[in-house]
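There are 2 protein chains.
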Amino acid sequence: MKAVAVTREGSGPELIEVPDPTPEAGEALLRTLRVGIDGTDHEVIAGNHGGYPEGDDHQILGHEAVAVVEDANGTGLEEGSLVVPTVRRPSGADGGHFERGEPDMAPDGAYVERGIVGAHGYMSELFTSPPEFLVPVPDSFAEYGFLVEPISNSEKAFEHAFAARSAFDWRPESALVLGNGPLGLLTLAMLETERSPFDRTYCLGRRDRPDPTVDIVDRLGSTYVDSRQTPVDEIPEAHEAVDFVYEATGYAKHAFETVDALAPNGVGALLGIPEDWTFEIDGGRLHRELVLENKALFGSVNSNVGQYEAAKDRLTAFPDWFTDALVTGVYDPDDADAAFETGDDVIKTVVEFDTP
Amino acid sequence: MKAVAVTREGSGPELIEVPDPTPEAGEALLRTLRVGIDGTDHEVIAGNHGGYPEGDDHQILGHEAVAVVEDANGTGLEEGSLVVPTVRRPSGADGGHFERGEPDMAPDGAYVERGIVGAHGYMSELFTSPPEFLVPVPDSFAEYGFLVEPISNSEKAFEHAFAARSAFDWRPESALVLGNGPLGLLTLAMLETERSPFDRTYCLGRRDRPDPTVDIVDRLGSTYVDSRQTPVDEIPEAHEAVDFVYEATGYAKHAFETVDALAPNGVGALLGIPEDWTFEIDGGRLHRELVLENKALFGSVNSNVGQYEAAKDRLTAFPDWFTDALVTGVYDPDDADAAFETGDDVIKTVVEFDTP
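Residue numbers (UniProt numbering), protein chains in the order written: chain A, 1 to 356; chain B, 1 to 356.
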């Protein structure tokens, strides 16, 4: 079958031919429809996540997928129905996190991640999986179901943010998304849906208008903040101190400037994964500000099945124009090179292996 | 009446004579029994908190008190019964925090703090208060009831810490208290009580044995960590990565080293209030560590009546030897100077105005 992978010899994503997978007992065989591409894929290609599957000289890419049950193989799944696979698989002692349905809380070393580290991804015509790692989705999800995975990461961040403020009567009004990449825009759309508790949102980027991401920010009814004019720590003065910050830039200074951007009792969710970077901060002021204004910061990675379920509702609630504008390119596996190209006109791309 | 205060002319706490207070309608008159001294009092004396009560040239000290209802004045309080007063009072638009019973979550500027900023404290023979800021305590609290206030601050920090981890099945085992001052030791005792979820605790200080605070750490069954030998970020290697960190040093680097000390999914509570201090951190690594290991940090200040109630239970559960060892001096108001002296033999002192 065709697969898009990185190899030890190659320098980027390549279309390769690999044997069709055979489902083991307890595994279903899935036929891939679409696989989305995000920043993590580019990090895998750059070798930052590393970790080829044991014994292999290639890593099949892709962790945002929607697929059809091709062969249920006794798993109880309905053949022909659609599923979205989760990312993490257990790889050792994990303190029971997988058993408790919380793979996202498993510590480093207790898991592999399909398409990211230590396990093949979904960017191939077929893949196999036990059913507990497959979330059923309706037939209408063939086109955009691959967005369930990234949305679920933000569902988790939202859950943790509200939990962190659940010891008192938190009444948030405003939210700020740091980053206008695909995850930032998806999150902004989530914050602008009907059931969002936030009245006002802001989205930080560093692009000049006209720009397709800024157009989306505008159309969502959010306020675009150009970080070149208004750094994160100046947002309270330029706009307002915000109750919730969602960081999706991976720019480490943003983690600390988030404390300044927050209103009293606010909470910041960090999702970026930066490299080492030493810099100066006024740690005394930040520490004091956290304490005297009851502010909170937390990191969040991955997601669980419950958060995939919430993501399905959220995706359904998005207006069509949003998903259409977000996905700027749909590519055949033969054009995988093009699917991974970045540029000012590219927001989110997807590799399409098949249609239902 | 006698009061212990700082004055604009003076250089430290002084015994002064002020008129007896008269309760207004809706206020009770309280006769002070004991008032504890903590680091905040020393900061008030040093002028770090500042803010004399409007129109006054002195600030009566003290925010950790236990008192007797001297004149209920129609408030419904029982004359002769004991109470512990809370610290914050509304001083303007506060977003409804006081009305909702959450004075501790009111933003800066929405409150004064008795004995700390903008309002007289309890270090006087008599004081007045509306009943909603007085927490009834049993007669047995005459001696150590002044500890309810500091304990309540840690009750709040615990509540917020567990809330911050309530979005998943958190199973903490180990806790680390940064600081072996009175608040650190009180918190350590709380973490070592029967109803604590923590199996193992550590307490960081920078004192040589023999030392009365280290003796308490030992006797509580905790492990003393000398920060001169084992800095906070090396605790995982020397002992173990911990699930909960409680910072009570006000040393700003500890806020950031807490991220290193935490185990995956751990949470750090910051309670210290440092001055500005610029230093270098590996912000990229800290940010990445927060994200990939789902770690959380939050600041916590002050407490609400519910947390005072919890603190009453906690104080009752302390073994007698602990409170006896913690309180190293009981002073007459005439010896207030001595009550504020610090030294290696001093842990917590109290000014005693009266007995029931």
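A virtual CB, placed ideally from N, CA and C, is assigned to each residue, including glycine.
Checklist entry - Taking Cβ to Cβ, would you say V242(B) is nearer than 8 angstroms to A263(B)? => result One-based indexing of the second sequence puts residue 242(B) at position 242. One-based indexing of the second sequence puts residue 263(B) at position 263. Cβ distance < 8 angstroms, so V242(B) and A263(B) count as in contact.
Checklist entry - Does the distance from the CB of L29(A) to the CB of V66(A) come in under 8 angstroms? => result As a position in the first sequence, residue 29(A) is number 29, starting the count at 1. As a position in the first sequence, residue 66(A) is number 66, starting the count at 1. No, Cβ-Cβ distance for L29(A) and V66(A) is not below 8 angstroms.
Checklist entry - So R228(B) is in the alpha helix (DSSP H); what residue range does that whole segment cover? => result Residue 228(B) sits at position 228 when you count from the first residue of the second sequence. No alpha helix (DSSP H) holds R228(B); DSSP gives it neither H nor E.
Item to check | Proximal chain B residues relative to G299(A), where beta-carbon distance stays under 8 angstroms | outcome: Here residue 299(A) refers to the residue found at position 299 when the first sequence is read from its first residue. Correct list: H287, E289, L290, V291, L292, E293, N294, K295 and A296.
Item to check | DSSP-derived helix/strand/coil call for K312(B) | outcome: As a first step, residue 312(B) is located in the second sequence; it is residue number 312 there, counting from the start. DSSP, reduced to helix, strand and coil, places K312(B) within a helical segment of the structure shown.
Checklist entry - Between D345(A) and the rest of its own chain, which residues show a CB-CB distance below 7 angstroms, the 5 nearest in sequence each way excluded? => result Counting from one through the first sequence, the residue named residue 345(A) turns up at place 345. Around D345(A): P212 and T328.
Checklist entry - If you scan the segment 265 to 324 of chain B from start to end, which runs of the alpha helix (DSSP H) of 4 or more residues do you find wholly inside it? => result 283 to 292 and 305 to 317
Item to check | Against chain A: residues of the segment 244 to 265 of chain B by CB proximity under 7 angstroms | outcome: A252, K253, A255, F256, P264 and N265
Checklist entry - Among F98(A), R219(A) and F244(A), which one has its Cα closest to the Cα of G158(A)? => result Reading the first sequence from its first residue, position 158 is the one you call residue 158(A). The displayed chain sequence assigns Phe, not Gly, to residue 158(A). Closest by alpha carbon: F244(A).
Item to check | Neighbouring residues, chain B, relative to S152(A) (Cβ below 8 angstroms) | outcome: Indexing the first sequence from 1 puts residue 152(A) at position 152. Those within 8 angstroms of S152(A) in chain B number zero; the least Cβ separation is about 13 angstroms.
Next on the checklist: In whole angstroms, give me the CA-to-CA distance for V238(A) and R171(A).
Outcome noted: Translated into positions along the first sequence, residue 238(A) becomes position 238. Translated into positions along the first sequence, residue 171(A) becomes position 171. The sequence given here places Ala at residue 238(A); Val does not occur at that position. Computed Cα separation, rounded: 22 angstroms.
Checklist entry - Nearest CA to the CA of N265(A): which residue from A161(A), E54(A), F318(A) and G115(A)? => result Along the first sequence, read from residue 1 onward, the residue named residue 265(A) stands at position 265. The shortest Cα separation from N265(A) among A161(A), E54(A), F318(A) and G115(A) belongs to A161(A).
Next on the checklist: Run through chain B and tell me which residues come within less than 9 angstroms of I273(A), C-beta to C-beta.
Outcome noted: The residue you call residue 273(A) lines up with position 273 of the first sequence. Those within 9 angstroms of I273(A) in chain B are H287, R288, V291 and L292.
Next on the checklist: Would S166(B) and S166(A) be called neighbours here (beta carbons separated by less than 8 angstroms)?
Outcome noted: On the second sequence, residue 166(B) is found 166 positions in, with the first residue counted as 1. On the first sequence, residue 166(A) is found 166 positions in, with the first residue counted as 1. For S166(B) and S166(A), yes; Cβs fall inside 8 angstroms.
Checklist entry - From which residue to which residue does the alpha helix (DSSP H) around P212(B) run? => result Translated into positions along the second sequence, residue 212(B) becomes position 212. From DSSP, the alpha helix (DSSP H) with P212(B) extends over P212 to R219.
Checklist entry - Are the C-beta of G115(A) and some C-beta of chain B separated by less than 8 angstroms? => result Taking the first residue of the first sequence as position 1, residue 115(A) is located at position 115. False, the Cβ-Cβ gap to chain B never drops below 8 angstroms.
Checklist entry - So what does DSSP say about S140(A), is it helix, strand or coil? => result The residue you call residue 140(A) lines up with position 140 of the first sequence. Reduced to three states, the DSSP call for S140(A) is helix.
Checklist entry - Using a beta-carbon distance cut-off of less than 9 angstroms, what residues from the segment 321 to 335 of chain B approach chain A? => result none
Checklist entry - Would K312(A) pass as a contact of V148(A) if the rule is Cβ separation under 8 angstroms? => result To locate residue 312(A), count along the first sequence from 1; it is residue 312. To locate residue 148(A), count along the first sequence from 1; it is residue 148. The Cβ-Cβ distance between K312(A) and V148(A) falls below 8 angstroms.
Next on the checklist: Whole angstroms are fine: how far does the CA of I347(B) sit from the CA of G145(B)?
Outcome noted: Locating residue 145(B) in the second sequence gives position 145, where the first residue counts as 1. Locating residue 347(B) in the second sequence gives position 347, where the first residue counts as 1. If I take the Cα positions, the gap works out to 17 angstroms.
Checklist entry - Which same chain residues, not among the five before or five after H42(A), have their C-beta less than 8 angstroms away from its C-beta? => result On the first sequence, residue 42(A) is found 42 positions in, with the first residue counted as 1. Correct list, in chain order: F340 and T342.
Next on the checklist: What does the Cβ neighbour count give for V330(B), buried or exposed, with the cut at 16 atoms within 10 Å?
Outcome noted: On the second sequence, residue 330(B) is found 330 positions in, with the first residue counted as 1. Answer is exposed; the Cβ neighbour count stays below 16.
Checklist entry - In chain B, what lies closer than 7 angstroms to P107(A) by C-beta? => result Residue 107(A) sits at position 107 when you count from the first residue of the first sequence. In chain order: P264 and E293.
Checklist entry - So the alpha helix (DSSP H) G39(B) belongs to, where does it begin and stop? => result Residue numbering aside, residue 39(B) sits at position 39 when the second sequence is read from its first letter. First-last of the alpha helix (DSSP H) with G39(B): G39 to A46.
Checklist entry - Excluding sequence positions up to five away, which residues of its chain have a Cβ less than 8 angstroms from the Cβ of A317(B)? => result On the second sequence, position 317 is the one that residue 317(B) refers to. Here the set comprises T193, E194 and R195.
Item to check | Inter-stretch contact (C-beta, 8 angstroms, three-pair minimum) for the segment 81 to 90 of chain A and the segment 127 to 143 of chain A | outcome: yes
Item to check | Touch test, the segment 173 to 180 of chain A against the segment 203 to 210 of chain A, Cβ-Cβ under 8 angstroms, three pairs minimum | outcome: yes
Checklist entry - Counting contacts by CB-CB distance shorter than 8 angstroms, is T278(A) in contact with chain B? => result The residue labelled residue 278(A) in the question sits at position 278 within the first sequence. Answer yes: the Cβ-Cβ gap between T278(A) and chain B drops below 8 angstroms somewhere.
Item to check | Residues that A163(A) contacts on chain B, provided the C-beta gap is smaller than 8 angstroms | outcome: Walking along the first sequence from the start, residue 163(A) turns up at place 163. For A163(A), the C-beta contacts it makes with chain B under 8 angstroms involve A163, A164, R165, S166 and A167, in order along the chain.
Checklist entry - Taking just the CA atoms, how far does R288(B) sit from residue 385(A)? => result Only positions 1 to 356 of chain A appear in this structure, which leaves residue 385(A) out of reach.
Checklist entry - Hey, A175(B) and F198(B) are a contact pair by Cβ (cut 8 angstroms); roughly how many whole angstroms apart? => result For the purposes of this step, residue 175(B) is taken as residue 175 along the second sequence, with counting starting at 1. For the purposes of this step, residue 198(B) is taken as residue 198 along the second sequence, with counting starting at 1. Their Cβ separation, rounded to whole angstroms, is 4 angstroms, which keeps A175(B) and F198(B) in contact under 8 angstroms.
Next on the checklist: Just to make sure I have the definition right: I need the residues of chain B whose C-beta is within less than 9 angstroms of the C-beta of D282(A). Which are they?
Outcome noted: Locating residue 282(A) in the first sequence gives position 282, where the first residue counts as 1. Within chain B, the residues near D282(A) are A252, D276, W277, T278 and F279.
Checklist entry - E102(B) CB to nearest chain A CB: under 8 angstroms? => result The residue labelled residue 102(B) in the question sits at position 102 within the second sequence. Yes - at least one Cβ of chain A is within 8 angstroms of the one on E102(B).
Item to check | Where the alpha helix (DSSP H) through H254(A) begins and ends | outcome: Taking the first sequence and counting its residues from 1, one reaches residue 254(A) at position 254. Per DSSP, H254(A) belongs to the alpha helix (DSSP H) from A252 to A261.
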